[in-house]
Amino acid sequence: MGGGCVQNLSQEDDKENLVASLWGAERCLRVLESVTVQNPENQGYLIAYKESQLIVSSARALRYCVCEDMIRRYSRALNNSSLSSSGATLPHCSFSNVGKAVEDCMRAIIGVLLNLTHDNEWGSTKTGEQELLLVTALNCVVRVPRYIPQEQRFDIRVLGLGLLINLVEYSSRNRHGLVDMEYIVDDTCLEDSLMLPADPTQSDTAAESTTPSTAESPAAEAEEPSPSGALAALVKHFLERERAAILAESKTDDLICEAPKPALDKSGEWQETSGEIQWVASETNETNDSEPEKKEEEDGELDLNKALQHAGKHMEDSIAASYTALLLGCLCQGSQVNVTTVRKHLPKGDFSIMTEMLKKFLSFMNLTCEIGSTGQKSISRVIDYLENC
Numbered sequence: 001m002g003g004g005c006v007q008n009l010s011q012e013d014d015k016e017n018l019v020a021s022l023w024g025a026e027r028c029l030r031v032l033e034s035v036t037v038q039n040p041e042n043q044g045y046l047i048a049y050k051e052s053q054l055i056v057s058s059a060r061a062l063r064y065c066v067c068e069d070m071i072r073r074y075s076r077a078l079n080n081s082s083l084s085s086s087g088a089t090l091p092h093c094s095f096s097n098v099g100k101a102v103e104d105c106m107r108a109i110i111g112v113l114l115n116l117t118h119d120n121e122w123g124s125t126k127t128g129e130q131e132l133l134l135v136t137a138l139n140c141v142v143r144v145p146r147y148i149p150q151e152q153r154f155d156i157r158v159l160g161l162g163l164l165i166n167l168v169e170y171s172s173r174n175r176h177g178l179v180d181m182e183y184i185v186d187d188t189c190l191e192d193s194l195m196l197p198a199d200p201t202q203s204d205t206a207a208e209s210t211t212p213s214t215a216e217s218p219a220a221e222a223e224e225p226s227p228s229g230a231l232a233a234l235v236k237h238f239l240e241r242e243r244a245a246i247l248a249e250s251k252t253d254d255l256i257c258e259a260p261k262p263a264l265d266k267s268g269e270w271q272e273t274s275g276e277i278q279w280v281a282s283e284t285n286e287t288n289d290s291e292p293e294k295k296e297e298e299d300g301e302l303d304l305n306k307a308l309q310h311a312g313k314h315m316e317d318s319i320a321a322s323y324t325a326l327l328l329g330c331l332c333q334g335s336q337v338n339v340t341t342v343r344k345h346l347p348k349g350d351f352s353i354m355t356e357m358l359k360k361f362l363s364f365m366n367l368t369c370e371i372g373s374t375g376q377k378s379i380s381r382v383i384d385y386l387e388n389c
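Heads up, the sequence shown is in UniProt numbering, so the first residue is 1 and it goes up one at a time.
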């Protein structure tokens, strides 16, 4: 994706042209993403090309998509009334089209940056030094999800976490940059089953700026103090996802326990005739009997679908919590100060809540991935560190 593509994004006021530019940029990014997957040669070439122009442009485009004016104005989650932030009435399709294009472009940008920073200190350092890139990636985890449809939140949250993990795992500069960042998180950043804002206009006021350091105000300070700093914000996010996973798991268990047992087949009975056992159909009204049976079957399918939905939600929240724990573990390694800060915000100052989540995630990866992958090694290393620090 060239610099001109990003320049077009920032200059488009017309929604149709903006959507076209976003989708055009996304197509270019998808091609670049596909040619850089597990391809160090292509990764190195694109990192170096024209003084890292791809990284510079991608970081700028991501910042443009994630900025409050863009992501909130065209939010498909909050703008159901089709009102812009200025109060002007616009066709709902305008918001829907632009909002979806922004989300798709965001995912494509992060996909490229993930490939360029994976196990690559050079790519990680180059990417992390881009203006506001670290805070933009953190916003993708903490702030952005509430502005997009619920079914898309897991993707953007995990992509943001994956990018942050890549950025800090091999770059001490990025670790310091993220840890030293001022970051305020309040309850307006909660969503899903944890909290749903009753009034979008009220919840919007709590996150007025893309750069969280500007969100501090005397009014906010007068209220109950919120965690300040990226480490505290990430611990808060981990605890929210972990709690949501437990809640989804309990709902799944309840649905399974309450599932109705299959009704006995009353359409006939087994009878022994001439030394043989045969099924003999009953003479009752089959039409009348089939209706309640059909309803019971539909109710059973409905309960199963609900259970599967909650199981999927549990898995998503567990993965998000595991990624967050892995990121926190990477930030703690080699820094007793960070260890102390994270402990301060954990229940009883105990890392076991994080290590247990990581162990479950590692077991899941061992079942689904090739043993000995870099991801599994990173998780094992973090578990060992947290258990012995």
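All residues carry an ideal CB built from backbone N, CA and C; glycine is no exception.
For Tyr-170, report the span of its alpha helix (DSSP H) as first-last. Looking at the DSSP string, Tyr-170 is not in any alpha helix (DSSP H), and its letter there is neither H nor E.
C-alpha distance - Ser-96 paired with Glu-269, whole-angstrom precision: 57 Å
With a threshold of 16 other CB atoms inside 10 Å of the CB of Thr-340, please say whether the residue is buried or exposed. exposed
Does Asn-139 pass the burial test, meaning 16 or more other C-beta atoms within 10 Å, or should it be called exposed? When all chains shown are included, Asn-139 counts as buried.
Shorter than 8 Å from the beta carbon of Ile-319 to some beta carbon of chain D? Protein chain content of the structure displayed is limited to a single chain, and chain D is not contained in it.
Please classify Ala-245 as buried or exposed, where buried requires at least 16 neighbouring CB atoms within 10 angstroms. buried
What is the C-beta distance between Leu-161 and Tyr-49, in whole angstroms, given that I count them as a contact (C-beta under 8 Å)? Leu-161 to Tyr-49, Cβ: 27 Å. No contact.
Is Asn-17 helix, strand or coil when you go by DSSP? The answer is helix: DSSP assigns Asn-17 an H, G or I state.
DSSP on Ser-58, reduced to helix/strand/coil? DSSP places Ser-58 in helix when its eight states are reduced to three.
If the criterion is Cβ atoms closer than 8 Å, does the pair Gln-168 and Ala-230 meet it? Correcting the residue type first, residue 168 is Val in the shown sequence and not Gln. The answer is no: Cβ separation not under 8 Å.
Bridge partners of Ile-184, per DSSP? DSSP links Ile-184 through a beta bridge to Ser-228.
In or out: Arg-63 buried (at least 16 other Cβ within 10 Å) or exposed? buried
In this structure, does DSSP put Thr-374 in helix, strand or coil? helix
Cβ pair Leu-163, Thr-125 closer than 8 Å: Thr-125 sits away from Leu-163, with the two beta carbons spaced by 8 Å or more.
Please state the DSSP three-state secondary structure of Glu-269. The answer is strand: DSSP assigns Glu-269 an E or B state.
How would you call Asn-120, buried or exposed, if buried means at least 16 neighbouring beta carbons within 10 angstroms? buried
Are the Cβ atoms of Gly-375 and Met-365 separated by less than 8 Å? yes
Around the Cβ of Leu-367, are there at least 16 other Cβ atoms within 10 angstroms (buried) or fewer (exposed)? exposed
C-beta contact flag for Leu-362 and Ile-353 at 8 Å: The Cβ atoms of Leu-362 and Ile-353 lie no closer than 8 Å to each other.
Comparing C-alpha positions only, which one of Gly-334, Glu-316, Val-31 and Met-357 sits nearest to Gln-150? Nearest of Gly-334, Glu-316, Val-31 and Met-357 to Gln-150, Cα basis: Glu-316.
Which of the three DSSP states is assigned to Ala-244 in this structure? helix
Taking buried to mean at least 16 other C-beta atoms within 10 Å of its own C-beta, is Cys-105 buried or exposed? Buried, by the Cβ-count rule.
Assign Gln-152 to buried or exposed, taking buried as 16 or more other Cβ atoms, counted over all protein chains shown, within 10 Å of its Cβ. Gln-152 is buried by the Cβ-count criterion.
Drop a sphere of 10 angstroms on the beta-carbon of Tyr-45, count the other beta-carbons inside from all chains shown, and report buried for 16 or more, exposed for fewer. By the 10 Å Cβ count, Tyr-45 comes out exposed.
For Thr-201, count neighbouring Cβ atoms within 10 angstroms of its own Cβ and tell me buried if that reaches 16, exposed if not. The predicted model places Thr-201 with a pLDDT of 40, which falls under 50 and marks its position as unreliable, so this point remains unresolved.
Contact belief for Glu-33 with Gly-111 at Cβ below 8 Å, rounded distance in angstroms: 4 Å
Pull up the distance between the alpha-carbon of His-92 and that of Gly-312, whole angstroms please. Low confidence applies here, because His-92 scores a pLDDT of 43, under 50, leaving its location unreliable and the question unanswered by this model.
Helix, strand or coil for Ile-383? Go by DSSP, reduced to three states. helix
Among Arg-173, Arg-73 and Val-158, which one has its Cα closest to the Cα of Trp-122? The shortest C-alpha separation from Trp-122 is found at Arg-173.
How is Gly-334 classed by DSSP in three states: helix, strand or coil? coil
Alpha carbon to alpha carbon, how far is Leu-358 from Ile-379? Give it in angstroms, no decimals. 7 Å
Short check: CB of Phe-351 to CB of Leu-326, under 8 Å? no
Just to confirm, does Gly-128 get its C-beta within under 7 Å of one of the non-hydrogen atoms of the ligand GDP? No copy of the ligand GDP appears in this structure; indeed no ligand is present at all.
Is Ala-248 buried or exposed, if buried means 16 or more other CB atoms sit within 10 Å of its CB? Around the Cβ of Ala-248, a 10 Å sphere holds 16 or more other Cβ atoms; the residue is buried.
Roughly how many whole angstroms lie between the Cα atoms of Ala-77 and Tyr-147? 5 Å
Which same chain residues end up closer than 6 Å to Arg-241 when comparing Cβ atoms and leaving out the 5 residues on each side of it in sequence? Excluding sequence neighbours, Arg-241 sits near Asp-317, Ala-320 and Ala-321.
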